[in-house]
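Taking the UniProt record's numbering, the leading residue of the sequence shown gets 1, the next gets one more, and so forth. Ideal Cβ placement from N, Cα and C applies to all residues, glycine included. As the structure is a computational prediction, the values presented were derived from the model and not from experiment.
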Amino acid sequence: MASLSWITLLAFVLSVAFCLGFRGLAREWYLIDVPDARKTHDGNVPLCGGIAIFLSFSVAALLALGVSGHANAVTLLPGLVLILVTGVLDDRFNLPVAPRLAIQLLAAFLMLGMAGVWQIYLGLASDGIATPAAPPADMLIQLLTGPLFLFIALAFIVGLVNAVNMSDGVDGLAGSASAAAFFWLAVIGFGVGERRLGLQALAIAAACLGFLVFNMRHRWRAKASLFLGDGGSTFLGAALAGFILILASRTAAVPFPVLIWIVIVPVIDTLSLIVRRMSARRSPFSPDRQHLHHLLIDAGLSCGQTAVAIMGLNLIAGAVAYVAVQFD
């Protein structure tokens, strides 16, 4: 199995290379984000960052890790491809909500089936100390299976797909927040003995960092030269959900409710928005300026400061999950 540094460097370099290569192709494919009343960026920006991240992760994971073994996120690829392609088509043709949700639901079921995830651990109840290899004999393992598991898992995947997509409103935000989340998934995976899954999470985190070279605003970059697009943001949401479900299905030492902390920021942001919109008798998918990043910008933060602030919140939330796993 490949070393940590090798797969990280490979995914990062591939991401930078793919981002450079796809910028020109995006214009030929009409994958361009054009400013309008809601989009205030300058000029037409290519929407191919998500494709670059996906290819970088896929190539790095397949070359370095192969397709065999347990807890292998490569098994998620068919479902992730479907999510990515749907998002890219939405970028190009602005698809209606209903068919998008239907395809996302199908992709979510495909992800679960290909990964063989039909259960998740909800928590532990014991006076003993749990380890992935040998839980105490008196431990009560709360295992969720059957139709209720399927409903929760499908809702979680589709929900997180749209939560990450809806939060992608500031340069560098979705990419940096996702990188933070995958970093903590890698740390937790290594900590409970799931090295393969940890390396794959690290690969996608590194691919996100490669994309941020072109997307993050900073002192030397006044604006992004590349966007994730709906294809990229929905892919990252689906990948996060898939990694979390695989990890929660593998060992009782990493319960699903604890892992939700890794993505709690976009989840709470989106759920609160949906409640407010439905209370106002509006569609949950109707646009407004009530997302967390909008509120921070309206409070006086710059786009770069907003992205860093929300990334910091994601890092803190991931740290909560890590500590909870260590002391569960």
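Cross-strand partners of P46 (DSSP beta bridge): I32
A238 versus F183: straight-line alpha-carbon distance, rounded: 16 Å
Contact the segment 220-235 vs the segment 278-296: 3+ CB pairs below 8 Å: no
Per DSSP, cross-strand counterpart(s) of G123: Q142
Candidates S249, S15 and L101: closest to V192 by CA position: S249
Cβ-based burial, F149 [other Cβ within 10 Å; buried from 16]: When all chains shown are included, F149 counts as buried.
Residues of its chain near V13, where Cβ-Cβ distance is below 8 Å and the 5 sequence neighbours each way are ignored: Contacts found: G210.
Element boundaries [alpha helix (DSSP H), containing L236]: G229 to R250
6 Å CB neighbourhood of A206 in its chain, flanking five on each side removed: Counting only residues of its own chain and dropping the five nearest sequence neighbours on each side, A206 has a CB closer than 6 Å to the CB of T8, A11 and F12.
R221 in three-state terms, based on DSSP: strand
Residue burial classification, Y30 (beta-carbon count within 10 angstroms, cutoff 16): Taking all protein chains shown into account, Y30 has fewer than 16 neighbouring C-beta atoms within 10 Å of its C-beta and is therefore exposed.
Close-in-space but distant-in-sequence residues of the same chain around N44 (CB under 6 Å, 5 per side omitted): I32 and V34
Element boundaries [alpha helix (DSSP H), containing W184]: L173 to G191
Per-residue DSSP class, three states only, for M216: coil
L77 versus I246: straight-line alpha-carbon distance, rounded: 13 Å
Reduced DSSP secondary structure (H/G/I, E/B, other) of Q290: coil
Of the listed residues L95, A241 and H291, nearest to M166 (C-alpha basis): Per the Cα distances, H291.
V158 versus P284: straight-line alpha-carbon distance, rounded: Between V158 and P284, the C-alpha separation is close to 14 Å.
Option nearest V325 by Cα separation, candidates G123, L199 and N314: G123
Cβ pair G304, R195 closer than 8 Å: no
Local Cβ density within 10 Å of L271, reported as buried at 16 or more and exposed below that: exposed
Cβ contact (3+ pairs, closer than 8 Å) linking the segment 253-268 and the segment 108-116: The segment 253-268 is not in contact with the segment 108-116.
With 16 other Cβ atoms within 10 Å as the buried cut-off, status of A155: With fewer than 16 other beta carbons inside 10 angstroms of its own, A155 counts as exposed.
Beta-carbon proximity of V164 to A307, cut-off 8 Å: Taking the C-beta atoms as reference points, A307 is found no nearer than 8 Å to V164.
6 Å Cβ shell around I274 - same chain, five flanking residues per side excluded: Excluding the 5 residues flanking it on each side, I274 has same chain C-beta neighbours closer than 6 Å at P284, in chain order.
As assigned by DSSP and simplified to three states, the class of V16: helix
Selected residue, minimal CA-CA separation from G312, among L173, A107 and L143: L173
Residue interval of the alpha helix (DSSP H) (run including R277): I264 to S279
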